[in-house]
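Only one structure is covered here, and it is reproduced in the block below.
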Ligand code: NAD
């Protein structure tokens, strides 16, 4: 009998990659999402289109004991969605409801171990003011002071999963993802993150044109390639460590530095124009000491390698859509 897995948020970016990986390992996979993935056909054996805010849907989806359960569904987006303040009520209500429903249904169906994807956005703003020395060690989370409601919801839900461990004998696993990127992610429409937005802007730039980059460009981040995120996710679920633990890259880069890297990959003469825009914290980097200690593993791939693959995919998508338009005319 094949092992079984449930992936909530399987129509999303990381969920889609996770389903592929579990299929390669021979799992029977059920995916659930509000929508199919826009960029790749799902490899899930059973894909349920459903709203995890609805308890009846959740009860139908969690109808058995799975060997592995991954909860990645969330109302989320890039800085343009999370940091403007306009979507705060939706972000908090939708994601908290999903987590309350999924976790409780899993508990009731004797699914004792659920993976939960929290975010580096839950770290306190005051530790991320210096772009050269942000502190994102796991034990720096409290006293809490995330800079977005998205981060506060993640903090609440982390605590929820760990409370079920303490009170109900569950073995949930909590990871804090740091800026995941790669092919088959959102790259246009307002919910895309910096790496995808840079690739799109640079791929579309005319010769000699400049692309717009939010802020002064000196804010720092690290970015983790999606395959390594999936690897860390699976390793954590199967380990005896509950977390919370960072899953991120320690290769910190300024946002202008990221743009310059993509310009170099593209081989174009594009310039950079820094403009005001939603920003988030001043500096953020993963701290991988704990994951190394507890799992004996940490991500190791260079940012450049991942950005080359991502640029190749996004410029290919732009070309594909362009060809489709021409053919339709
Ligand atoms: P994503 O937006 O591509 O995937 C999330 C999926 O959840 C979407 O497909 C969405 O349709 C689905 N969803 C939302 N509301 C739902 C509902 N009510 N019912 C069913 N499905 C619903 O995001 P992602 O980048 O794949 O992120 C996956 C998880 O990792 C999220 O929880 C996110 O908060 C977390 N995370 C991601 C990053 C990152 O950089 N991508 C960083 C930190 C944390």
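Residue numbers (this note's numbering): 23 to 351.
We put the CB at the ideal spot given by N, CA and C, even for glycine.
Quick caveat, the model's predicted, so the values are computed rather than measured.
- Spatial neighbours of residue 117 in its own chain (CB-CB distance under 6 Å, excluding positions within 5 residues in sequence) are listed in chain order as 96, 97, 175.
- The continuous stretches of beta strand (DSSP E) do not include residue 219, which lies in the alpha helix (DSSP H) extending over residues 216-226.
- Not one heavy atom of the ligand NAD sits closer than 6 Å to the Cβ of residue 256.
- Sequence-distant Cβ neighbours of residue 152 in its own chain, meaning closer than 8 Å and more than five residues away, are 304, 305.
- Cβ-Cβ separation between residue 133 and residue 91: approximately 5 Å, consistent with a contact (criterion under 8 Å).
- Every beta strand (DSSP E) stretch that sits fully inside the region 199-280 and reaches 3 residues is listed by chain position as 232-236, 242-244, 267-269, 274-276.
- Apart from sequence neighbours up to five positions away, the residues of its chain that approach residue 103 with a beta-carbon distance below 7 Å are 109, 212, 213, ordered along the chain.
- For residue 141, the pairing in a beta bridge is given by DSSP as 199.
- Secondary structure of residue 95 (DSSP, three-state): coil.
- At a threshold of 6 Å, residue 243 does not count as near the ligand NAD, since its beta carbon sits no closer than that to any of the ligand's heavy atoms.
- One Cα belongs to residue 30, the other to residue 258, and the distance between them is close to 17 Å.
- Going by beta carbons, residue 162 and residue 149 fall inside the 7 Å limit.
- Here the alpha carbons of residue 282 and residue 252 stand approximately 27 Å from one another.
- Shortest gap from the CB of residue 75 to any heavy atom of the ligand NAD: under 6 Å.
- Boundaries of the alpha helix (DSSP H) harbouring residue 181: 171-190, taken from the DSSP string.
- A direct Cα-Cα distance of roughly 14 Å separates residue 127 from residue 138.
- Per DSSP, the unbroken beta strand (DSSP E) holding residue 296 starts and ends at 293-297.
- Residues of the same chain with a CB within less than 8 Å of the CB of residue 88, apart from the 5 flanking positions on each side, are 26, 27, 28, 52, 133 in chain order.
- Taking a 10 Å sphere around the C-beta of residue 171, we find 16 or more other C-beta atoms and assign the residue as buried.
- C-alpha of residue 285 to C-alpha of residue 224: approximately 7 Å in a straight line.
- In terms of CA proximity to residue 245, 202 leads the group 202, 301, 105, 56.
- When DSSP reads this structure, residue 30 sits in a beta bridge with 54, 93.
- Taking 7 Å as the cut-off, the beta carbon of residue 119 is found no closer than this to the beta carbon of residue 81.
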